[in-house]
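The structure under discussion appears below in the form of structure tokens.
Okay, here's the thing in structure tokens:
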């Protein structure tokens, strides 16, 4: 005979009522909670199949809402996507604010032109686009299978935009005195970017059998950043290229991106103790934070390249 004990505990706050239900069957416990006003938090076993992605995250899920309003309401309380949302939403607005006030936050040299601001803003806009699309996806992914799938496509597209804008901006200063190399590698970057955008948005390429090809495309896109560096080594020499593109910051940027992706891929640390990192500290959150750190490394390197180029140009005009 199956023994079953049910315990119910309600906590009322100024904004909502949270009810926690614990069910015990033959010594095994499971629980779920829900918040009224149309937003329900559930555990892994109560999710529809389309929402299941990481079996090591056991609780704190916003169940399918079919409501934009309910998804937006989830911004007002803590669940297992909260850190994913705000870790990209807040930096996105910081990048956008920098675009608006770029003439006040970027040091101006006698040789600085409108094109410099456009190239700096190109990266800032790419970072804003990537982070905002990611934040929107994590906020709205509980809406429905269609919205989640579409948001996931835009999330990948944001990554493409960030890579293209990052590479194009640093190439501009790395090859500021060689238009041929700049336009050649910019064309390669845009070609890879367009290809990755197609496989990200095309429904046909999202099938399971296309997964290895999608992954290979993004890996090739990332590795294409090595081409202009090697070209710079041959044309300018290692030391000069290192200075021009602020290579230490570019390398550090790559380390953070790769380390974050590795954590996300192996589901660390939540795979070590499922349930412990449901709300704080799971791999996707760490990945998001490292993406922001990597973007800041690129910004630091880009501003360094801008400073070096215009310091040299200004000295020539004196």
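Residue numbers (the working numbering): 125 to 442.
From the three backbone atoms N, C-alpha and C, an ideal C-beta is built for every residue, glycine too.
Computed from a predicted structure; not experimentally measured.
Note on the segment 224–266: whole alpha helix (DSSP H) runs with a minimum of 4 residues are 226–229, 238–264, in chain order. Per DSSP, residue 300 is not a residue of any alpha helix (DSSP H), being assigned neither H nor E.
Cβ-Cβ distances below 8 Å link residue 302 to 359 in the same chain, with the five nearest sequence neighbours on each side left out; the list follows chain order. In this model, residue 346 and residue 287 are separated by some 8 Å (Cα to Cα).
Between the segment 287–301 and the segment 242–251, the count of C-beta pairs closer than 8 Å reaches three or more; the two stretches touch. Unbroken alpha helix (DSSP H) stretches of 4 residues or longer found wholly inside the segment 175–208: 192–197, given in chain order.
Judged by pairs of C-beta atoms under 8 Å, the segment 268–281 does not touch the segment 227–234, as fewer than three such pairs exist. Contact annotation, residue 212 with residue 248: C-beta distance approximately 15 Å; criterion of less than 8 Å not satisfied. The segment 412–424 makes no contact with the segment 389–396: fewer than 3 CB pairs, one atom from each, lie closer than 8 Å. Judged by DSSP secondary structure, residue 349 falls outside any alpha helix (DSSP H); it is assigned neither H nor E. In the DSSP assignment, residue 397 falls outside any alpha helix (DSSP H) and carries neither an H nor an E. A contact between stretches requires three or more CB pairs, one per stretch, nearer than 8 Å, and the segment 213–220 fails this requirement with the segment 365–385. Under the three-state reduction of DSSP output, residue 163 falls in the strand class. Excluding sequence positions up to five before and after residue 409, its CB lies within less than 7 Å of the CB of 207, 208, 211, all in the same chain and listed in chain order.
Apart from sequence neighbours up to five positions away, the residues of its chain that approach residue 168 with a beta-carbon distance below 6 Å are 182, ordered along the chain. In the structure shown, residue 172 adopts coil according to DSSP, grouped into three states. With a threshold of 16 other beta carbon atoms within 10 Å, residue 174 falls short and is exposed. Distances from the alpha-carbon of residue 284 to those of 259, 260, 308, 313 put 313 closest. When 305, 275, 356 are compared, the shortest CA-CA separation from residue 325 is found for 275. Distance check between residue 180 and each of 399, 432, 321 places 399 closest, using alpha-carbon atoms only.
The three-state reading of DSSP puts residue 393 in coil, since its state is none of H, G, I, E or B.
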